[in-house]
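Note sheet for the following structure.
Okay, here's the thing in structure tokens:
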């Protein structure tokens, strides 16, 4: 296997906040707790963590019960035992419980947490990896499908609408329907026969059983993948977890106006600094949802009055009674969720994707308001995986992943130049290059002569040169497209590269499910990815498997 790194400054759709966080941390340090790749940052946070011994023991009891239900192995239970002891810290990550693990970056997040925990242990800080199952989220459409490739690298969607108790119920309680059985059969048909597919399908059929909730199925499969590295799974959709988090909910309710003011001020700060705020905060936002008749509804506050789903009035006393008597009925929004998480766990570092990185830039003000240390935010590992067939095409046409990211027109020129050179029509691309060089020499000579004659004409010459360069580039593109149209093989190869490396014009890791790669390369791919995961830097990696 080969692996190369590309800085995020050259990766499509990388925000200014992400690239500054990675490469110019001083520009965004005000919004976070410490530089992500400096050991001193982690040591500083570790020194501020204050989780009582009793809270640790209670949490360890809940985690033992949950991980037993997921079928976790002994390494996980050993880490739960360690987490219950004073001085142990956690490296946490998490993701919505998407169908079949959702996008492959879910796997990258878990592996990064494993690697970071190992690194801290090597430095003398006892650390364990924890994966937070985001079962409370209610956006079912976002996670109700997974995508894999067919033999021609077309994306094929695998779906299950599930059995939902209510219109806006948390995804963690949605049950798999009987219709999911043919969905698994479809996945199997799209993967090549062999040991990787056989093992994957056995595990999926054990985990994704009709009637199981999405939270249960996701947790069981993640345990099969990551328990050997001691990853602890935490499902927040648990009465005991909510009881432990009650002080955070109480603070969010009684200080809703102050927290909202802080968030709005942070929004303005981020925008003034040339960055963006990921989560929209309105003048009546609170940080909580209330579950009624199975549906998860936002709580608003106007003129000191609380409203459920922007309609029904509810008193603070009623909300407090709910927290006491029906703990599961209150749940945090995306900004409060990290604070809840880190009130339960001794979190020294959180492994985040680009969007979560932005969430934490906003959520920092909540940590300060509640007098809690915010963890160091560690960017997750990121990969584009390249199979042997695609790798051969890249070598054949001398193209890189960045050529693909630049889009169809750019890739067409590269493929046509290499392909038609092999086909006997050699030299046309080189002649274009030569002609452009000759034009540059000609215009430079004209520039010197015109400056001596009348310097006011230089701008006109510059304009003429730019127009000619534009027309030459346009002609080059037309010739490339014409060449591809005349060659069905070249056009098919171009399409394969675009589909596999930039599906839907996005990064592969965001569009393709991890089960696709596990079903082709086997679970040993996880070992290779873990080996390539870094905690002292964060670039996008291209891995040939």
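In this note's numbering, the protein residues as written are 746 to 1290.
Ideal Cβ positions, reconstructed from N, Cα and C, are used throughout, including at glycine.
Owing to the predicted nature of the structure, the values given are computational and were not obtained by experimental measurement.
query, result
"Residue 1057 - partner residues in DSSP beta bridges", "1053"
"Burial state of residue 1146 (16 or more Cβ within 10 Å)", "buried"
"Alpha-carbon spacing of residue 906 relative to residue 922, whole angstroms", "8 Å"
"DSSP state of residue 1282 mapped onto helix, strand, coil", "coil"
"Cβ contact (3+ pairs, closer than 8 Å) linking the segment 852-866 and the segment 958-966", "no"
"Nearest neighbour of residue 890, chosen from 858, 908, 876, 843 [CA to CA]", "843"
"Beta-carbon proximity list for residue 1012, same chain, < 8 Å, skipping 5 on both sides", "1022, 1026, 1107"
"Residue range of the alpha helix (DSSP H) that includes residue 815", "798-815"
"Simplified DSSP state of residue 1168, which is helix, strand or coil", "Residue confidence for residue 1168 is low, a pLDDT of 43 falling below 50, so the modelled location carries little weight; the figure read from the coordinates is stated next. Three-state result, residue 1168: coil."
"Short Cβ contact (8 Å threshold) for residue 1093 with residue 836", "yes"
"N-terminal and C-terminal residue of the beta strand (DSSP E) that residue 1034 is part of", "1030-1037"
"Straight-line gap, residue 877 to residue 1220 (C-alpha atoms, nearest Å)", "53 Å"
"Separation of residue 766 from residue 783, as counted between CA atoms", "13 Å"
"Same chain, Cβ closer than 8 Å to residue 1239, five either side skipped, listed in chain order", "1153, 1156, 1157, 1160, 1229"
"Within 8 Å, strictly: CB atoms of residue 978 and residue 811", "yes"
"Beta strand (DSSP E) runs wholly inside the segment 1095-1124, at least 3 long, in chain order", "1121-1124"
"Bounding residues of the alpha helix (DSSP H) (the contiguous stretch that carries residue 974)", "Looking at the DSSP string, residue 974 is not in any alpha helix (DSSP H), and its letter there is neither H nor E."
"7 Å Cβ shell around residue 1275 - same chain, five flanking residues per side excluded", "856, 859, 860"
"Neighbourhood of residue 957 by C-beta distance below 6 Å, restricted to the same chain and skipping five residues each side", "921"
"Alpha-carbon spacing of residue 1132 relative to residue 954, whole angstroms", "31 Å"
"Beta bridge counterpart(s) of residue 1082 as assigned by DSSP", "For residue 1082, which the question treats as bridged, DSSP gives no partner whatsoever."
"Which listed residue (1028, 1016, 1059, 1017) has its alpha carbon closest to that of residue 1037", "1059"
"According to DSSP, residues forming a beta bridge with residue 872", "834"
"Contacts around residue 827, its chain only, beta-carbon distance under 6 Å, and the 5 residues preceding and following it disregarded", "833, 873"
"Extent of the continuous beta strand (DSSP E) to which residue 1044 belongs", "1040-1047"
"Outcome for residue 927 when other beta-carbon atoms lying within 10 angstroms are tallied against a minimum of 16", "exposed"
"Span separating the alpha-carbon of residue 788 from that of residue 825", "21 Å"
"Coarse secondary structure for residue 1017, derived from DSSP in three states", "helix"
"Buried or exposed (CB count within 10 angstroms, at least 16 for buried), residue 1169", "A caution first: residue 1169 carries a pLDDT of 41, below 50, which makes its placement in the model unreliable, though a value can still be read off. Residue 1169 is exposed by the Cβ-count criterion."
"Simplified DSSP state of residue 902, which is helix, strand or coil", "strand"
"Through-space distance from residue 989 to residue 805, alpha-carbon basis", "12 Å"
"Presumed contact (8 Å Cβ cut-off) between residue 892 and residue 900, rounded CB distance", "5 Å"
"For residue 1079, the nearest candidate out of 883, 798, 822 (CA to CA)", "883"
"Proximal residues to residue 1087 (C-beta, below 7 Å), its chain only, five neighbours per side dropped", "1117, 1120"
"As assigned by DSSP and simplified to three states, the class of residue 749", "strand"
"Every unbroken alpha helix (DSSP H) within the segment 1194-1242, with a cutoff of 4 residues, ordered by chain", "1203-1231"
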